[in-house]
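Each protein sequence line maps, in turn, to chains A and B.
Residues in the first sequence are numbered consecutively from 572, following our numbering.
Residues in the second sequence are numbered consecutively from 25, following our numbering.
Take a look at the structure set out below.
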Amino acid sequence: DVKVTQSSRYLVKRTGEKVFLECVQDMDHENMFWYRQDPGLGLRLIYFSYDVKMKEKGDIPEGYSVSREKKERFSLILESASTNQTSMYLCASSPGREGGELFFGEGSRLTVL
Amino acid sequence: QKEVEQDPGPLSVPEGAIVSLNCTYSNSAFQYFMWYRQYSRKGPELLMYTYSSGNKEDGRFTAQVDKSSKYISLFIRDSQPSDSATYLCAPRGRGSTLGRLYFGRGTQLTVWP
């Protein structure tokens, strides 16, 4: 089975802290994605990557950055966390250049106080 | 205009009911139409997908696409309490950038015994 693992299920951080959310997939997928999910707003794409060291902005990249140093790992970074970044963060991966089925992790619920 | 519109519900039905979940979309280039199911505190999982217009059946679930009206439906027959989840429609274009999916907001469904 494809497995997408997010390192932290629940995090509580303070405003201004730097936050790292880690995601690892074990199926050699080319594409990886970070979404945030909020009630009433659904899934919104933050950043995605189609290759090592490559990244593309999604719909809401402001306040976030990403890193993909290895094919299996895609990190989301909040340089200076703010309360409006309190959310559920979902990592996903998909195979191939044209993509396909997205495989999601279990999510990381971040609370910023 | 959002790419995909989906009524968030919530929808509450008795066990055994027929459930109809719907989305509309605006981009006529969409060719693949996916439905994801998300249980509480879990990541979304692919439930079904169809290519172009038509119906696809899988057990109690039927996915239907009408490209002429840009309308996507998911029907659940003989609904069960275990079907209680959020259902997200997600179309994408053929050869679109990385096969990027555009998610609806999701419809929260509760099936009560």
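Positions of the beta carbon are idealized from the N, C-alpha and C atoms, including for glycine.
- Taking C-beta atoms as the reference points, Ala87/B and Ser97/B count as a pair closer than 9 Å.
- The Cβ of Pro32/B sits closer than 9 Å to at least one Cβ of chain A.
- Assignment of Asp107/B by DSSP, reduced to helix, strand and coil, places it in the helix class.
- Between the region 578-595 of chain A and the region 616-625 of chain A there are fewer than three C-beta pairs closer than 8 Å, too few to call the two in contact.
- The three-state secondary structure of Thr654/A, taken from DSSP, is helix.
- Per DSSP, Tyr606/A is one residue of the beta strand (DSSP E) stretching across 602-609.
- Uninterrupted beta strand (DSSP E) stretches at least 3 residues long and entirely within the region 56-80 of chain B occur at 69-75, given in chain order.
- Taking 9 Å as the cut-off, the beta carbon of Leu35/B is found closer than this to the beta carbon of Gln132/B.
- In summary, Gln30/B is buried, with 16 or more beta-carbon neighbours lying within 10 Å of its beta-carbon over all protein chains present.
- Between the alpha carbons of Thr576/A and Cys594/A lies a distance of about 6 Å.
- Annotation for Ile648/A: the continuous beta strand (DSSP E) segment containing it runs 644-649.
- For Thr86/B, the uninterrupted beta strand (DSSP E) segment begins and ends at 85-90.
- Where Ser36/B is concerned, the enclosing beta strand (DSSP E) starts and stops at 35-38.
- Within 7 Å of the CB of Pro115/B, no CB atom of chain A is found; the nearest one sits about 13 Å away.
- The region 42-50 of chain B makes contact with the region 94-112 of chain B, as at least three CB pairs between them are under 8 Å.
- At a Cβ-Cβ threshold of 9 Å, Gly40/B and Asp102/B count as neighbours.
- With respect to the 9 Å criterion, Phe99/B and Val43/B are classified as neighbours on the basis of their beta carbons.
- Put simply, the CB of Leu35/B is far from chain A, with every gap to its CB atoms at 9 Å or more.
- Taking 8 Å as the cut-off between beta carbons, the residues of the region 62-85 of chain B near chain A are Arg65, Lys66, Gly67, Pro68, Glu69, Leu70, Tyr73, in sequence order.
- Contacts with chain B at 9 Å (Cβ-Cβ) include Tyr606/A.
- Classified as buried, Thr110/B has 16 or more neighbouring CB atoms from the shown chains inside 10 Å of its CB.
- Contact check for Phe591/A against Phe604/A fails: the beta carbons are separated by 9 Å or more.
- Counting only residues of its own chain and dropping the five nearest sequence neighbours on each side, Leu45/B has a CB closer than 6 Å to the CB of Leu98, Tyr111, Thr131.
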